Amino acid sequence: MSAKSSNTDARLILLDSADNVLGVARPIRAGETLQVEGEKVTLDQHAGTGFKIARRAIAKGEEIYKYGAVVGVANANIAKGKLVHVHNMTSGYMPNTKPASNNKQETS
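Just so we're aligned, residue 222 is where the sequence shown starts under this note's numbering, counting upward by one.
Written out as structure tokens, the structure is:
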């Protein structure tokens, strides 16, 4: 189930009411200004179809919800309207996206 709101750009889709990110339905270029939950934001990075945009501010350490399920954890503070991807979140699906401090190999 997806929802569109008159106060959010039509290229963004809320997949579940519990989500703190919006899915990108059509590409959005860096520098474009768009509405996110009633607030104008300017995208500083290209967001392709399927990317995630913060629906609201997300604090470092907070879980990222998409489809009503946890898909990762923020590894930095993420402002409303910012791209949410492996540069500012640790994926719950891809072990190679863990912060560098967690990827140290043990030596014996």
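Where is the CB? At the ideal position from N, CA and C, for every residue including glycine. If you're wondering where the values come from, they're calculated on a predicted model, not measured in any experiment.
Can you tell me where the beta strand (DSSP E) with GLU283 in it begins and where it stops?
Here residue 283 refers to the residue found at position 62 when the sequence shown is read from its first residue. GLU283 -> no beta strand (DSSP E), and no H or E assigned at all.
In the DSSP assignment, what are the bridge partners of GLU260?
For this step, residue 260 is matched to residue 39 along the sequence shown. Paired residues: VAL257.
How long is the line joining the alpha carbons of LEU243 and GLY302, rounded to whole angstroms?
Residue 243 sits at position 22 when you count from the first residue of the sequence shown. Residue 302 sits at position 81 when you count from the first residue of the sequence shown. Roughly 9 Å between the two C-alpha positions.
With a threshold of 8 Å between beta carbons, is ASN309 in contact with chain C?
Going by chain labels, chain C is absent from the structure shown, which holds only one protein chain.
Going by DSSP in three states, VAL294 sits in which element: helix, strand or coil?
The count along the sequence shown starts at 1 and reaches residue 294 at position 73. VAL294 falls in the strand class under three-state DSSP.
Would you mind giving the Cβ-Cβ distance between THR311 and VAL294, rounded to the nearest angstrom? I have them listed as a contact below 8 Å.
Walking along the sequence shown from the start, residue 311 turns up at place 90. Walking along the sequence shown from the start, residue 294 turns up at place 73. That pair is a contact at about 5 Å.
Evaluate ASP240 with the Cβ neighbour count: other Cβ atoms within 10 Å of its Cβ, from every protein chain shown; 16 or more gives buried, anything less gives exposed.
Taking the sequence shown and counting its residues from 1, the one referred to as residue 240 is at position 19. Buried, by the Cβ-count rule.
Spatial neighbours of ARG276 in its chain, beta-carbon cut-off 8 Å, leaving aside the 5 residues before and after:
Residue 276 sits at position 55 when you count from the first residue of the sequence shown. Only LEU235, ASP240, ASN241, VAL242, LEU243, VAL257, GLU258, LYS301 meet the Cβ criterion.
Cross-strand partners of GLY244 (DSSP beta bridge):
Taking the sequence shown and counting its residues from 1, the one referred to as residue 244 is at position 23. Looking at the DSSP assignment, GLY244 forms a beta bridge with ILE234, LYS273.
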